[in-house]
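Undergrad: Numbering (my numbering), first residue to last: 724 to 774. Think of the CB as a built atom: it goes at the ideal place given N, C-alpha and C, for glycine as much as any other residue. Bear in mind that the values here come from a model prediction, so they are computed numbers and not experimental data.
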Amino acid sequence: EVRENLPKFSDWPTFPQVFVNGELIGGCDIAIDLFEKGELQKITKEAVSNN
Numbered sequence: 724e725v726r727e728n729l730p731k732f733s734d735w736p737t738f739p740q741v742f743v744n745g746e747l748i749g750g751c752d753i754a755i756d757l758f759e760k761g762e763l764q765k766i767t768k769e770a771v772s773n774n
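(1) Mind checking who L708 pairs with in its DSSP beta bridge?
(2) Whole angstroms is fine: what's the gap from P744's alpha carbon to E724's?
(3) Which residue's Cα is closest to the Cα of G750: K731, P736, E727?
(4) Would you mind reading off the limits of the alpha helix (DSSP H) that contains E769?
(5) Relative to the alpha-carbon of E762, which residue among I748, S772, N774, R726 has its alpha-carbon at the smallest distance?
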């Protein structure tokens, strides 16, 4: 049921869908790209420090 409805909620058609702090970051390719650039670490670190 989640796999059926999540694309409608997030307006993102593919899986996996990476969310940080309730915000859609993107799919696997985008998450890998952000990781390789060091930006995913910044995003997650900021999310943790804000909570």
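TA: In short:
(1) The requested residue 708 does not occur in the structure, where the chain is confined to residues 724 to 774.
(2) Residue 744 is actually Asn in this sequence, not Pro. Straight-line Cα distance between these residues: approximately 22 Å.
(3) P736
(4) 762–773
(5) I748
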